[in-house]
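J.: With our numbering applied, the sequence shown closes on residue 167, and no number is skipped along the way.
By construction, the Cβ of each residue, glycine as well, lies at the ideal position given by its N, Cα and C atoms.
As the structure is a prediction and not an experimental result, all values here were calculated from the model.
The structure follows.
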Amino acid sequence: MVKALGLFDPAIRGIIPDLGCHSPTDNSRARALLGEEFLDVRESVVSTANYLIDNDLI
């Protein structure tokens, strides 16, 4: 689907080479600079979903 949209949209066409590629990331520099610990991805998604449900946004 994305590849088909890339035929018509130059912005989408630019991301097609990255489809299926895994880009490992690391937040250690941000943690050190800000002195903060970040939420686990799963915990963050669950927390966001609960917020949306609790506030009748979905």
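State yes or no: is the C-beta of Leu114 within less than 8 Å of the C-beta of Ile121?
T.: Taking the first residue of the sequence shown as position 1, residue 114 is located at position 5. Taking the first residue of the sequence shown as position 1, residue 121 is located at position 12. Against a cut-off of 8 Å, the Cβ pair of Ile121 and Leu114 comes out as a contact.
J.: Let's see if you can read the secondary structure: which residues bound the alpha helix (DSSP H) around Ile167?
T.: Residue numbering aside, residue 167 sits at position 58 when the sequence shown is read from its first letter. No alpha helix (DSSP H) holds Ile167; DSSP gives it neither H nor E.
J.: Would you tell me roughly how many angstroms separate the C-alpha atoms of Ser132 and Ile162, rounded to the nearest one?
T.: In the sequence shown, residue 132 corresponds to position 23, counting from 1. In the sequence shown, residue 162 corresponds to position 53, counting from 1. If you take the alpha carbons of Ser132 and Ile162, they lie about 31 Å apart.
J.: Check Ile124 in the structure and name its three-state DSSP category.
T.: In the sequence shown, residue 124 corresponds to position 15, counting from 1. Three-state result, Ile124: coil.
J.: Helix, strand or coil for Glu152 per DSSP?
T.: By 1-based counting over the sequence shown, the position of residue 152 is 43. Correct three-state label for Glu152: helix.
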